[in-house]
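Each remark here refers to the structure printed beneath this line.
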Amino acid sequence: NKNEVGYFILHEVLHAMGGIYTCSPNYIEGHNTKKTKDMMSRSGDGTNHTLDPKNDDYWGHDIESCPDMQDSVYFTPTSDTPFDPFEVTCLSKDKWKVTKQDYKKFEPEEGIGYQCFYARRDVTASWEDELDIYQEN
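Per my numbering, residue 1353 is the first one in the sequence shown, and the count goes up by one each step.
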């Protein structure tokens, strides 16, 4: 549906900016609930226009060991405890440079870096070994 394209683009951008981690209390299949008026629910229909209305999953929550999207470095001004979604999702903690929290409860369901591998053989980068985000096909 053409009317819902903008909604779905924003939904996916919010994932990239640090939305919804497995440590969220209502986490389900990469989202925060099955169906609600929350923009990040699993079954959005384009009319879900609120961000974590109860502030209990991904925005403005008080779960110290789980990333809070409002602290993402992709929002300005950033908080006193910023995190970089790329670091948290793709890198081991010893390689984090921006993220200050430990996030002890955070562990991607497929493991650190699972969604971050780039698998094209024709692409090389000088930082390939440093970030460890490439894998052979």
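Glycine included, every Cβ here is placed at the ideal spot set by N, Cα and C.
Judged by DSSP in its simplified three-state form, residue 1361 adopts helix. DSSP places residue 1367 within a helical segment (H, G or I) once states are collapsed to three. In the structure shown, residue 1414 falls within a coil segment according to DSSP collapsed to helix, strand and coil. One alpha carbon belongs to residue 1445, the other to residue 1386, and they sit about 30 Å apart. With contacts defined as CB atoms closer than 8 Å, residue 1434 and residue 1425 qualify as a contacting pair. The beta carbon of residue 1381 lies closer than 7 Å to those of 1394 in the same chain, with the five residues before and after it left out.
The beta carbons of residue 1408 and residue 1390 sit no closer together than 8 Å.
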